[in-house]
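Asks: Sharing a structure here in structure tokens format.
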Amino acid sequence: MKQLLYKEYKLCLVSMVPIFYLFALMLLIPNYPYLVAAFFTCNSIFFLFKQSVVNGDLLFTTLLPVAKGDVVRARVRFVVIIQMIMFLLFIPLCYANHLLVPRNPAGTDGSLTFLAAALVLFTIFNGTFLPGFYKNEQKMDKLFLISLIAVFGWIILWEGFMITAGAAERLVPFFAWVETHLDCWPATSEAWTVQLIALAIGALVYVVGNILITRRAVAVFERVDL
Amino acid sequence: MHLLEVRDLEKRYPTFTLDKVSFSLEPGYIMGFIGRNGAGKTTTMKAMLNLIHRDGGEVFVNGRSFFENERACKGEIGFVMGEFDCYKNATLKAITDVTRRFYPTWDQAAYEDYLRRFALVESKKVKELSAGMRVKYALALALSHDARLLILDEPTSGLDPVSRDDLLDVFRSVIEDGSRSILFSTHIISDLEKCADYITYIKGGKVLSSTDMLTFRESYRLVSGDREHLEVRRPKLIGCKEHAFGFTGLIRAEDEAAFRSCKIAPADLESIMIYTEQEESHETASL
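Listed in order, the protein sequences are those of chains A and B.
Each residue of the first sequence is one higher than the one before, starting from 1 at the first, in our numbering.
Each residue of the second sequence is one higher than the one before, starting from 1 at the first, in our numbering.
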């Protein structure tokens with residue numbers, strides 16, 4: 001697996017991946033739906049797969065002394081590494097967002113809840129894109145369109161909820177609780193607890209989701225004719 | 001023990017079936033894998049290597065089931081699937097740096113020797129190589145990790161005659177210690193005449209023959225004669241070509257007695273293949 005990850009880094013990594021990490025800085029823009037920043041990492045992952053198809057990566061890798069399933073497992077791990085780097089970049093930027101843009105009427109605020117939402121977004125992208133790619137890499141553009149719809153569906157749902165909570169916090173007590181406990185950098189121990197639970201749920205979705213996604217993608221790829 | 005044993009390998013497509021393909025190869029020999037375009041050579045090789053999902057059959061490498069020991073078996077095999085056509089913007093150095101890490105038996109000195117022999121420059125990118133040079137690079141990678149079995153699909157296509165001859169020398173030197181074998185498919189039959197010890201002939205997804213070169217060639221005769229000899233003997237001909245002075249055709253060695261009045265000569269590989277494939281054309285035409 002170590003050698004396969006080295007191959008991913010040395011032969012497959014495209015410049016879009018590090019460049020698109022700059023989109024994490026979108027968390028410093030006032031009044032912006034920050035979850036969109038997480039999408040750009042998924043976009044760079046699409047370019048990674050696109051270039052892999054051009055490079056004949058699947059055939060080259062499958063001919064190496066590895067099990068066919070390991071080809072998929074290694075790529076999923078590489079995708080997870082890319083997403084986790086973005087996730088780690090988000091942490092200090094969430095805090096910076098709290099300092100620079102304390103209230104965001106255009107959507108979610110920098111918080112642990114935002115990090116959880118980003119993990120769910122990554123899971124949605126991986127689930128809608130990866131197994132389909134290993135079934136038929138030639139249909140990856142269509143797959144990416146489906147992933148876009150799913151990911152932006154989640155962004156609209158999440159950001160819409162947070163916009164609604166911000167706008168109606170004085171009218172609905174639940175929304176007021178959301179604003180003080182979920183949609184802000186945690187200021188109280190209660191808010192820390194709630195947000196850490198939210199982050200744990202997001203992490204659970206990401207871990208379990210990616211285990212299931214990997215199993216599905218491996219099963220699909222085992223039956224594919226290269 | 002066989003170094004390679006393919007047993008009843010099957011792959012079914014809507015318009016083509018690989019039908020219980022079986023053959024085996026002992027250490028120390030070169031086997032030519034021949035057949036027309038679309039006969040199933042590449043499909044067989046890909047099914048053997050789990051690149052395509054097989055519908056049945058088994059492959060054993062050095063006594064171990066390939067599909068149950070995929071990693072270990074692949075480590076003992078060197079593959080060349082035509083010219084190297086991956087990572088066109090990467091340098092050979094970068095690709096080799098990745099590839100060698102997968103093989104504990106990687107022999108850097110041998111690799112550098114092949115680079116010199118094939119006049120390959122490591123700093124070049126794949127896209128800067130000609131088709132022939134890409135084949136040579138694929139061969140250099142396959143030959144440099146001390147593989148016991150080389151599986152080569154059209155390794156000599158795209159190479160000039162001098163390079164092909166040099167490569168056949170490499171093949172002979174690879175197997176000379178008696179522990180390694182080579183299975184290679186090619187349309188350049190003259191290459192097989194020079195170096196193959198065994199022949200496996202596949203036609204329409206079925207193995208017609210898998211035997212040593214001498215037995216294979218001795219199983220057939222080339223005959224030529226006048227037109228008047230042709231009609232009564234036509235049923236015994238596997239395939240024939242008529243010309244102004246008569247005919248030339250291929251027969252099975254056991255039918256030689258029926259052609260005593262004709263000229264009889266040993267059959268070469270290319271003639272066997274051409275006339276055998278013609279047999280099917282005749283059958284198709286008569287249908």
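Note that CB positions come from ideal geometry on N, CA and C, so glycine has one too.
Is the Cβ-Cβ distance between B/Ile188 and B/Ser157 less than 9 Å?
Replies: Cβ distance < 9 Å, so B/Ile188 and B/Ser157 count as in contact.
Asks: Helix, strand or coil: which one does DSSP assign to B/His243?
Replies: B/His243 falls in the strand class under three-state DSSP.
Asks: Give the straight-line distance between the Cα atoms of A/Met1 and B/Val223, rounded to the nearest whole angstrom.
Replies: Spanning the two alpha carbons is a distance of roughly 59 Å.
Asks: Using a Cβ-Cβ cut-off of 9 Å, state whether B/Thr99 counts as contacting chain A.
Replies: At least one chain A Cβ lies under 9 Å of B/Thr99.
Asks: Within the same chain, show all residues whose beta-carbon is closer than 6 Å to that of B/Glu270, passing over the 5 residues directly before and after it, in chain order.
Replies: These residues qualify, in order along the chain: Ile189.
Asks: Classify B/Val232 as buried or exposed, calling it buried when 16 or more other Cβ atoms lie within 10 Å of its own Cβ.
Replies: By the neighbour-count rule (16 or more Cβ atoms within 10 Å), B/Val232 is not buried but exposed.
Asks: With contact counted as at least three CB pairs below 8 Å, one residue from each stretch, are the segment 95-115 of chain A and the segment 62-78 of chain A in contact?
Replies: Judged by Cβ distances under 8 Å, the segment 95-115 of chain A makes no contact with the segment 62-78 of chain A, as fewer than three pairs qualify.
Asks: Should A/Asn136 be flagged as near chain B, meaning a C-beta pair shorter than 9 Å?
Replies: With 9 Å as the cut-off, A/Asn136 does not count as an interface residue toward chain B.
Asks: What residues from chain B crowd round A/Pro131, counting only those whose CB sits closer than 9 Å?
Replies: What A/Pro131 touches in chain B: nothing, since even the nearest Cβ is about 16 Å away.
Asks: Would you list, in sequence order, the uninterrupted alpha helix (DSSP H) runs of no fewer than 4 residues that lie entirely inside the segment 177-260 of chain B?
Replies: Fully enclosed alpha helix (DSSP H) runs of 4 or longer: 189-195, 213-218 and 227-233.
Asks: Does DSSP put B/Ala39 in a helix, a strand or coil?
Replies: Looking at B/Ala39 - three-state DSSP - the assignment turns out to be coil, as it is neither helix nor strand.
Asks: Quick one, which residues of the segment 78-90 of chain B are near chain A if we go by CB-CB under 9 Å, in chain order?
Replies: Of all residues in the segment 78-90 of chain B, Phe79, Met81, Phe84, Asp85, Cys86, Tyr87, Lys88, Asn89 and Ala90 have a Cβ within less than 9 Å of some Cβ in chain A.
Asks: How about B/Arg71: is its C-beta nearer than 9 Å to some C-beta of chain A?
Replies: Yes, contact with chain A.
Asks: Would you verify that the beta carbon of B/Tyr137 is, or is not, closer than 9 Å to some beta carbon of chain A?
Replies: No, its Cβ sits nowhere closer than 9 Å to a Cβ of chain A.
Asks: Thinking B/Met213 and B/Asp153 are a contact (beta carbons under 8 Å), I'd like their distance in whole angstroms, please.
Replies: That pair is no contact at about 20 Å.
Asks: Residues of the segment 44-68 of chain B with a CB closer than 8 Å to any CB of chain A: list them in chain order, please.
Replies: Flagged, chain order: Lys46, Leu49, Asn50, Leu51, Ile52 and His53.
Asks: Is any beta-carbon of chain A found at less than 9 Å from that of B/Ile34?
Replies: No, no contact with chain A.
Asks: Are the beta-carbon atoms belonging to B/Ile77 and B/Ala196 less than 9 Å from one another?
Replies: Against a cut-off of 9 Å, the Cβ pair of B/Ala196 and B/Ile77 comes out as no contact.
Asks: Rounded to the nearest angstrom, what separates A/Phe125 and A/Ala198 at their Cα positions?
Replies: Straight-line Cα distance between these residues: approximately 20 Å.
Asks: With a cut-off of 9 Å, does the C-beta of A/Thr214 fall near any C-beta of chain B?
Replies: Cβ-Cβ to chain B under 9 Å: no for A/Thr214.
Asks: Against chain B, does A/Thr180 count as a neighbour if the rule is that its beta carbon must be under 9 Å from one of theirs?
Replies: No, its Cβ sits nowhere closer than 9 Å to a Cβ of chain B.
Asks: Counting C-beta neighbours from all protein chains within 10 Å, is the total for B/Thr284 16 or more, i.e. buried, or is it exposed?
Replies: Confidence is the limiting factor: at B/Thr284 the pLDDT is only 43, short of 50, which leaves the residue's position unreliable, though a coordinate-based value still follows. Flag for B/Thr284 reads exposed.
Asks: Exposed or buried, which one is B/Arg252 when buried takes at least 16 other CB atoms within 10 Å?
Replies: Exposed is the call here.
Asks: Classify B/Gly40 as buried or exposed, calling it buried when 16 or more other Cβ atoms lie within 10 Å of its own Cβ.
Replies: It counts as buried.
Asks: Specify the secondary structure class of A/Pro92 as computed by DSSP and reduced to three states.
Replies: In the structure shown, A/Pro92 sits in a helix (DSSP, three-state: H, G or I).
Asks: Taking Cβ positions only, does B/Phe23 come closer than 9 Å to chain A?
Replies: It does not; no Cβ of chain A falls within 9 Å.
Asks: If distances are taken between C-alpha atoms only, which option among B/Asp166, B/Glu176 and B/His53 comes closest to B/Gly28?
Replies: That would be B/Glu176, whose Cα lies nearest to the Cα of B/Gly28.
Asks: Report the three-state DSSP secondary structure of B/Arg100 (helix, strand or coil).
Replies: Here B/Arg100 sits in helix by DSSP.
Asks: Is the beta carbon of A/Trp49 sitting closer than 9 Å to the one on A/Phe20?
Replies: Residue identity differs from the one stated: residue 49 of chain A is Phe in this sequence, not Trp. No. Outside cutoff.
Asks: Using a Cβ cut-off of 8 Å, pull out every chain A residue sitting near B/Lys74, in sequence order please.
Replies: Those are Leu63, Leu64, Pro65 and Val66, listed as they occur along chain A.
Asks: Which residue spans inside the segment 57-124 of chain A form an unbroken alpha helix (DSSP H) run of at least 4?
Replies: Correct list: 57-63 and 68-100.
Asks: State yes or no: is the C-beta of B/Gly75 within less than 9 Å of the C-beta of B/Phe102?
Replies: Their beta carbons are under 9 Å apart, which means B/Gly75 touches B/Phe102 by this criterion.
Asks: Between the C-alpha atoms of B/Ile264 and A/Ser52, what's the straight-line distance to the nearest angstrom?
Replies: Cα to Cα, the separation comes out at about 56 Å.
Asks: Quick one: using the 10 Å Cβ neighbour count with 16 as the cut-off for buried, is B/His145 buried or exposed?
Replies: Classification for B/His145: buried.
Asks: How many whole angstroms separate the CB atoms of B/Gly35 and B/Ile199, which I take to be in contact at a CB cut-off of 8 Å?
Replies: About 10 Å; that fails the 8 Å criterion.
Asks: Give the residues of chain A in contact with B/Ala94, contact being defined as C-beta atoms less than 8 Å apart.
Replies: Residues of chain A passing the Cβ test: Lys10 and Leu11.
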